[in-house]
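Under the working numbering, read the sequence shown as residues 574 to 823, first letter to last. Ideal Cβ placement from N, Cα and C applies to all residues, glycine included.
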Amino acid sequence: GPRSSETVAFSLRKEVGRHRVEIDGMAAEYEVLAPARVSVSGLALSAQSVQKGQEITASGALTNDGDVEGAYGVALVVDGQREAERTVTVGPRSSETVAFSLRKEVGRRRVEVDGLAAEYEVLAPARFTVSSLALSSQRVQKGQEVTASVALTNDGDVEGAYGVALVVDGQPETERTVTVGPRSSETVAFSLPTEVGMHRVEVDGLAAEYEVLAPSNSGLWVGLGVAVSLAALAAAGGWWVWTRRRQRMA
């Protein structure tokens, strides 16, 4: 109408980016911001293998390529089971690191985060067993060598040391610390006392017995018999010589 005004409005483009608008020689600019676009990349484990009880984590980078802040839900899946989920807010055109603590049970595990995957292993600790107690002989003469040996086995995934104690007749005799590699065995041997008599040997709950015999006296009696025989021969020879002399003189 006369001496009045009307407002004219236009809908503008919504494509992301900066735009210039002109109406009847007048100009202005506006910007359509990209929405938050968050993606996960760079899945990394703090270690490929750890011992049971040690800490291990999985981490990934959340990147927002949008022009506005956004929140994103990140799920951790271990061996096909959803383990945890975390919602992370990421600013425009920036990145955040998200980390998860992983299971510490012994075994090999597969980790998945937003389609990315990795594997790690939790190693069994050293586990020792002592078996197969054997004696080099069950009966020896005093002064002869006699030994006891056992098999020390490590069923774990890591090297370890174990103290093997020898007990003889109820008394601690000696102890030896032996290092055994993963999934392997070592033989541990001990020299035993050789005092005359019966002896009981114990190693880590295993037991055996051996006897040390007193020295034989048969050698002494043989030597004595030889000496007596020689003396008798000497006496007989002397008598024969004396007798012959008497006969000549007569």
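When you compare the CB positions of residue i and residue j, do they come within less than 7 Å of one another, or not?
i	j	result
S715	P788	The amino acid at residue 715 is misidentified as Ser; the sequence shows Lys. Yes, these two residues count as a Cβ contact at 7 Å.
P608	E642	no
N727	V753	yes
A617	V684	no
V650	L635	no
V751	V740	no
T670	A644	no
V663	K677	no
S667	N637	yes
A672	E658	no
V774	A721	yes
R749	V737	yes
Need the endpoints of the beta strand (DSSP E) that residue i sits in, please.
i	result
P745	Q744 to V753
G770	G770 to V776
E759	S757 to S764
S549	For residue 549 there is no data in the structure shown, the boundaries of the chain being 574 and 823.
A787	Taken as a continuous stretch (DSSP letters only), A787 belongs to no beta strand (DSSP E), as it is neither H nor E.
T720	T720 to N727
Q714	R712 to Q714
V737	G733 to V741
Thinking C-alpha only, which one of the options is nearest residue i?
i	options	result
R681	D742, A691 and S619	A691
V723	V605, V647, A780 and N637	A780
E746	H772, G626 and E759	H772
L708	K625, V776, D597 and V623	V776
G729	S758, E748 and S705	S758
E604	A620, A699, S619 and D640	D640
G653	L606, V686 and S674	V686
Contiguous beta strand (DSSP E) assignments of at least 3 residues, all confined to the region 577-623: Annotation note: the region 577-623 contains the following uninterrupted beta strand (DSSP E) runs of length 3 or greater, listed N- to C-terminal: 590-596, 599-605 and 611-618.
Any beta strand (DSSP E) of 3 or more consecutive residues that is wholly inside the region 639-710: As far as the region 639-710 is concerned, its whole beta strand (DSSP E) runs of at least 3 residues are 643-651, 654-663, 667-674, 680-686, 689-696 and 701-708.
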